[in-house]
Amino acid sequence: MPLKLHRIAHALWALGIPVIPQLIRLINRIVFGVVLPPSARIGKNVMLSYQGLGTVIHDRAVIGDRCIIGTCVTIGGRSGHEAVPVIEDGVMIGSGAKVLGPVRVGKCASIGANAVVLTDIPDYAVAVGVPAKVVKYLAPDEVPDYFAVRSV
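Here's what the structure looks like:
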């Protein structure tokens, strides 16, 4: 539901309508506990676990298609850096993870729970820890289909 509201807010924001998108942002914040600015670019079929409870997304962040974002995830800026994270298609970000600053998380990468990502993560990589380090690379056919779990 928060993403449906975000899509409406983003469309209105893109048209230059100032007040209604901010009201929708406020509704998302109060009702769902998610900070989801109308200016953030979020792709298709993105899933926020538990309606994004505790999730904070920077207003200039870019999130690709078919990403799964766990609860209490922060995708935000970092002091001294103008750029913000770019999350590519098919990424899974575990609960409590922080993706901060001018980083790119590559296609179909997986970020472990409570990891702190401060550097780029390559395509098909699995990164864990504080700060996050790549511990494994997956072949394209090894990437789990996280959406299959949702329908069970």
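For the sequence shown, this note's numbering gives the first residue as 302, with consecutive numbering after it.
C-beta: ideal position from N, C-alpha, C; glycine also.
Keep in mind the model is a prediction, meaning the values are calculated, not measured.
Check: For Lys305, report the span of its alpha helix (DSSP H) as first-last.; Outcome: 303-315
Check: Checking 9 Å against the spacing of the C-beta atoms, do Ile370 and Pro386 come in under that value?; Outcome: no
Check: For Trp314 and Asp446, what's the separation of their Cα atoms in angstroms?; Outcome: 33 Å
Check: Do you know how far the Cα of Pro338 is from the Cα of Pro319?; Outcome: 12 Å
Check: For Ile318, which three-state DSSP category applies?; Outcome: coil
Check: Exposed or buried, what is Glu389 when buried is set at 16 or more other beta-carbons lying within 10 Å of its beta-carbon?; Outcome: buried
Check: Give the secondary structure of Leu401 by DSSP, where H, G and I count as helix, E and B as strand, and everything else as coil.; Outcome: strand
Check: Flag this pair as yes or no: are the beta carbons of Gly397 and Cys373 separated by less than 9 Å?; Outcome: yes
Check: Starting from Ala437, trace the beta strand (DSSP E) both ways and give me its first and last residue.; Outcome: Residue identity differs from the one stated: residue 437 is Lys in this sequence, not Ala. Start and end: 434-438.
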